[in-house]
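Whatever position you read off the sequence shown (first residue = 1), add 163 for the numbering used here. Beta carbons: idealized from backbone N, C-alpha and C, even for Gly. Note that the structure is a prediction, hence the values are computed from the model and not measured. Since the structure comes first, as structure tokens, the remarks are kept for the end.
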Amino acid sequence: MHTLHYLIVKYRYRQAPPMDINAHLIVPLRAGALVTAHPRLPEKTIPVASITSARNTVRLQSGQRYSVVAINKVSVMFKSDLASDMLIRIASQAFLDDDAMPTVLTAEPGGLGIVTSGLLRIGTQADVVAFRSDSGDKVMALRIDLTADKVGERSIVFENIPDGSITLRQDGMPDKLIGKVVRSVTGTGRINGTEGIGTGNLATISSTSLVISSSPDTALPPSRFAERRGGVDITTAPVSLPYSLVIKNDLNPSALRGVGFSGKSHIADVQRENGDWERFPSVVGHRADTFTRPHPKGPVVAIRIRPSTGTTIAQAIQAVAIQFEKSSLAVAKQRKLPIVSAIHTLRISPTDPGRVASIKIRISDLLFVMNVKPFFKSWDTTALPDGIQVVVVELLDESGALITTTRQEIYIRNRNLAAELATCQW
Numbered sequence: 164m165h166t167l168h169y170l171i172v173k174y175r176y177r178q179a180p181p182m183d184i185n186a187h188l189i190v191p192l193r194a195g196a197l198v199t200a201h202p203r204l205p206e207k208t209i210p211v212a213s214i215t216s217a218r219n220t221v222r223l224q225s226g227q228r229y230s231v232v233a234i235n236k237v238s239v240m241f242k243s244d245l246a247s248d249m250l251i252r253i254a255s256q257a258f259l260d261d262d263a264m265p266t267v268l269t270a271e272p273g274g275l276g277i278v279t280s281g282l283l284r285i286g287t288q289a290d291v292v293a294f295r296s297d298s299g300d301k302v303m304a305l306r307i308d309l310t311a312d313k314v315g316e317r318s319i320v321f322e323n324i325p326d327g328s329i330t331l332r333q334d335g336m337p338d339k340l341i342g343k344v345v346r347s348v349t350g351t352g353r354i355n356g357t358e359g360i361g362t363g364n365l366a367t368i369s370s371t372s373l374v375i376s377s378s379p380d381t382a383l384p385p386s387r388f389a390e391r392r393g394g395v396d397i398t399t400a401p402v403s404l405p406y407s408l409v410i411k412n413d414l415n416p417s418a419l420r421g422v423g424f425s426g427k428s429h430i431a432d433v434q435r436e437n438g439d440w441e442r443f444p445s446v447v448g449h450r451a452d453t454f455t456r457p458h459p460k461g462p463v464v465a466i467r468i469r470p471s472t473g474t475t476i477a478q479a480i481q482a483v484a485i486q487f488e489k490s491s492l493a494v495a496k497q498r499k500l501p502i503v504s505a506i507h508t509l510r511i512s513p514t515d516p517g518r519v520a521s522i523k524i525r526i527s528d529l530l531f532v533m534n535v536k537p538f539f540k541s542w543d544t545t546a547l548p549d550g551i552q553v554v555v556v557e558l559l560d561e562s563g564a565l566i567t568t569t570r571q572e573i574y575i576r577n578r579n580l581a582a583e584l585a586t587c588q589w
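Printed below as a string of structure tokens:
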């Protein structure tokens, strides 16, 4: 007869469809899961965000394909390639609307994380895929392709005059007229979402509205009540505000392909009547004559959205991943959680040891069962991803009946994320 000392059961999620070699993000449609980045080489899983909720996502089915059609400071909107009314949104915790659109909320604050990293751009494609565990559970997720289309060096020029032309300029190709201006813009105004974005950076991108920030991102405001908003709205809405440049109909979505948020891919500049292209004006608050006030080179006669030096996929992933690592570690320290690494020993000391015949310890997808006193288990923390993990301890009597359950959070820290990211090919 043999005595059971402990039993280890280990199970993990795996993806049903095989991965290809393209760099991509995986966004599980389930609260409590992690958004992960996957390079082309080597095979790695890099956490970049945590998911707080996934509402109204049950209608999504494996095999559906979506494309990014709109980006702003707190959300990215995807539209189905088959039906224009099928939409899904990824948003930060700063997102407030509570509509029926399927929405995945991440724990990152507005202005940070994958939403504003420059990773997701107009035209970025995503597929709904199914994950299946060894136990049969299925988890739906968005698989977002990070391989950018080769659209060339393209810029869009808006003539700042009534009935002005909107021109798409692309290297090696003739200029293409893609729209007309209805009403020119004279000034800048207080537009929500432009604060702290940076002068000339794009704060909202869609085929019906392009918001350009005039708010600098360097100087701190003198107080938290100080105005930080400032910008121009290029819009199809028939408005007569001094900070709105009104255009006819929608911009052709293909003209915006590859345009990303906050200067990571594109940036805006201006041209005066008697001058060359120059930096976008830096103005905070409302100023009705930003573009028409007296200037040695004359008024602003054109606004251009052009490719910027931007950041590479590797740089964007590195920034987001390290930011997420720092923020999760800060939360762990604030909550005074035990920080463990390498081989860690769990020691369980029941208050009534005479009643306890065995214990079960669950940590994520690991299960330890022990029936020999004293109760302790040394385990390899590298078997689980870095971050906060919950340790669930169940005390059982001789009959196997549950006596009590306790839960404790720990923070696992093993990876040198910066060194790992330096070896990845995106």
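For Leu268, the uninterrupted beta strand (DSSP E) run begins and ends at Thr266 to Thr269, by DSSP. Here Arg578 is buried: its Cβ has 16 or more other Cβ atoms, across all protein chains shown, within 10 Å. Closest by C-alpha distance to Asp413, out of Ala495, Gly517 and Val344, is Val344. A residue is called buried once 16 or more other Cβ atoms fall within 10 Å of its Cβ, and Lys460, having fewer, is exposed. Around the CB of Asp432, 16 or more other CB atoms lie within 10 Å, so the residue is classed as buried. When DSSP states are grouped into helix, strand and coil, Phe487 belongs to the helix group. Taking C-beta atoms under 8 Å as the contact rule, Gly276 and Thr287 fail to qualify, at a distance of about 16 Å.
DSSP, read as helix, strand or coil, puts Ala257 in coil.
CA-CA distance, Gln434 to Val211, rounds to 39 Å.
Relative to the Cα of Phe531, the nearest Cα in the group Thr474, Leu419, Leu509 and Met303 belongs to Leu509. Runs of beta strand (DSSP E) with 3 or more residues, each lying fully within the stretch 212 to 237, are found at 228 to 235, listed in chain order.
Between the alpha carbons of Leu584 and Leu492 lies a gap of roughly 18 Å. Thr544 and Gln333 have their C-alpha atoms spaced approximately 52 Å apart. For Arg435, the pairing in a beta bridge is given by DSSP as Val463.
Contact check for Ala520 against Cys587 fails: the beta carbons are separated by 8 Å or more. Straight across, the Cα-Cα distance linking Asp515 with Leu529 is about 26 Å.
Residue range Lys301 to Asp308 is occupied by the beta strand (DSSP E) that includes Leu305.
Leu340: not part of any alpha helix (DSSP H); member of the beta strand (DSSP E) spanning Lys339 to Arg346, first to last residue. The C-beta distance from His429 to Arg391 rounds to 22 Å, too long to meet the 8 Å contact threshold. With 16 or more neighbouring CB atoms inside 10 Å of its own CB, Pro462 falls in the buried class. His458 and Ala465 have their C-alpha atoms spaced approximately 15 Å apart. Out of Arg218, Ile184 and Glu358, the CA that lies nearest to the CA of Thr310 is found in Ile184.
By the C-beta density criterion, Ile502 is exposed, having fewer than 16 other C-beta atoms within 10 angstroms.
When the five nearest sequence neighbours on each side are left out, the beta carbons in the same chain lying within less than 6 Å of the beta carbon of His201 are those of His187, in order along the chain.
Counting the other CB atoms within 10 Å of its CB gives Ile209 a total of 16 or more, which places it among the buried residues.
Here Pro325 is exposed: its Cβ has fewer than 16 other Cβ atoms, across all protein chains shown, within 10 Å.
When DSSP reads this structure, Gln571 sits in a beta bridge with Val554. Under the 10 Å beta carbon count, Phe454 is surrounded by 16 or more other beta carbons and is classified as buried. Taking 8 Å as the cut-off, the beta carbon of Ile375 is found no closer than this to the beta carbon of Phe424.
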